[in-house]
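Structure, as structure tokens:
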Amino acid sequence: EFDNAGRMVAMTDAAGRKTGFRLNIASGNVTEIVTPDGRRVRFSYNNQRQLIATTGPDGLRSQQTFDERGRLAQEKSRSGDVTRYFYDDPHSELPSATEDATGSRKQMTWSRYGQLLTLTDCSGYQTRYEYNRFGQVTALHREEGLSQYRAYDERGRLVSQQDAAGHETRYEYSVAGDLTAVIHPDGSKQTISYDAAGHPVSTTEGGLTRQMEYDAAGRVTRLVNENGAGTTFTYDLLDRLAQETGFDGRTQRYHYSATGQLIRSEDE
1 EFDNAGRMVA
11 MTDAAGRKTG
21 FRLNIASGNV
31 TEIVTPDGRR
41 VRFSYNNQRQ
51 LIATTGPDGL
61 RSQQTFDERG
71 RLAQEKSRSG
81 DVTRYFYDDP
91 HSELPSATED
101 ATGSRKQMTW
111 SRYGQLLTLT
121 DCSGYQTRYE
131 YNRFGQVTAL
141 HREEGLSQYR
151 AYDERGRLVS
161 QQDAAGHETR
171 YEYSVAGDLT
181 AVIHPDGSKQ
191 TISYDAAGHP
201 VSTTEGGLTR
211 QMEYDAAGRV
221 TRLVNENGAG
231 TTFTYDLLDR
241 LAQETGFDGR
251 TQRYHYSATG
261 QLIRSEDE
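If you read the sequence shown in UniProt numbering, its first letter stands for residue 1, the second for the next number, and so on.
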């Protein structure tokens, strides 16, 4: 359902369950969501339309505060834990440090392109990051002397990862861009094959193969393990798992409440 401004105000699923959305008339921000069972989640905003509070059906609230520049300054979780954000550059929206509820602080530096350059944890250990001209991470250097290097192909796909000792993991892809092989540093290889819809249908490693079958909706309906034993899955009209028959032939049935929560499972 939509209001006169074309904004969604209600949604009904295939089982006829209705979820309502209440909006602020002026801003269009969602101020309340009413679930099919009548539970309510409320949202509050500041004058800049930034979300500052979320109150759940149980009354617990999470909060965010922002500084005069609109940057996140503090987060308070539903459990009351507070995380604070600090900024060295008055013109940057990226924090230079965060501090959690225990007082532990992490420090960050950023490139002019918004890329994380260094991360120093609460123990003082620093990780440095390097990037290529496309913004992809090409190297990570940890203070303990552990480094990792990454290489990409012309399509931006990860083709290798190498550690400081020269141990390399390589990745191969199909013309369609699907990952088809992972070659480990010891030379062992994992291969993956796909159906016409792009679903992985088999994975082979060390001479052992696992197979998957799908229905027209793309849901896994059968899983055959490396020993040839199979598990089958069936679903209800809302795409929820309704029944699972395991390798041992035992069947597990799942039952849900009117709001979609799992309330019971039966083992046959």
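Glycine residues also receive a C-beta, built at the ideal position from the N, C-alpha and C atoms.
- It is roughly 5 Å from the alpha-carbon of Arg264 to the alpha-carbon of His255.
- By the neighbour-count definition (other C-beta atoms within 10 Å, threshold 16), Pro90 is an exposed residue.
- If you draw a straight line from the Cα of Val159 to the Cα of Val182, it is about 9 Å long.
- By the beta-carbon neighbour count (other beta carbons within 10 angstroms, threshold 16), Tyr85 is buried.
- Non-local C-beta neighbours of Ala164 in its own chain, meaning closer than 6 Å and more than five positions away in sequence, comprise Ser147, ordered along the chain.
- Ranked by how close their Cα comes to the Cα of Ala101, the residues Thr109, Gln115, Arg78 have Arg78 in first place.
- When C-alpha distances from Asp37 are compared across Asn29, Ala258, Arg128, the shortest belongs to Ala258.
- DSSP places Ile25 in the coil class of the three-state scheme, outside both helix and strand.
- Every beta strand (DSSP E) of 3 residues or more that sits fully in the UniProt domain "Teneurin-like YD-shell" (108-199) is shown, in chain order, as 116-120, 126-131, 137-142, 147-152, 158-163, 168-173, 179-183, 189-194.
- A Cβ-Cβ contact shorter than 8 Å links Arg7 with Gly28.
- In the DSSP assignment, Phe2 forms a beta bridge with Met8.
- Each residue's CA atom was taken as its position, placing Cys122 and Thr65 some 23 Å apart.
- Per the C-alpha coordinates, the member of His199, Val34, Asp67, Val201 positioned closest to Arg17 is Val34.
- Ranked by Cα distance from Asp3, the options Leu23, Gln161, Glu226, Thr245 are led by Leu23.
- When rounded, the separation of the alpha-carbon atoms in Val175 and Tyr152 is 15 Å.
- If the five residues before and after Arg69 are omitted, its C-beta is found closer than 6 Å to no C-beta atom of its own chain.
- The beta carbon of Leu237 is closer than 6 Å to those of Ala14 in its chain, skipping five residues each way along the sequence.
- Per DSSP, reduced to three states, the secondary structure at Tyr256 is strand.
- Less than 8 Å separates the beta-carbon of Phe233 from that of Val220.
- Counted as a single uninterrupted DSSP element, the beta strand (DSSP E) harbouring Asp267 occupies residues 262-267.
- When C-alpha distances from Arg253 are compared across Arg150, Ala242, Phe247, the shortest belongs to Ala242.
- Bridge pairing for Gly80: absent [DSSP].
- As a beta-bridge residue in DSSP terms, Glu32 pairs with Arg22, Arg42.
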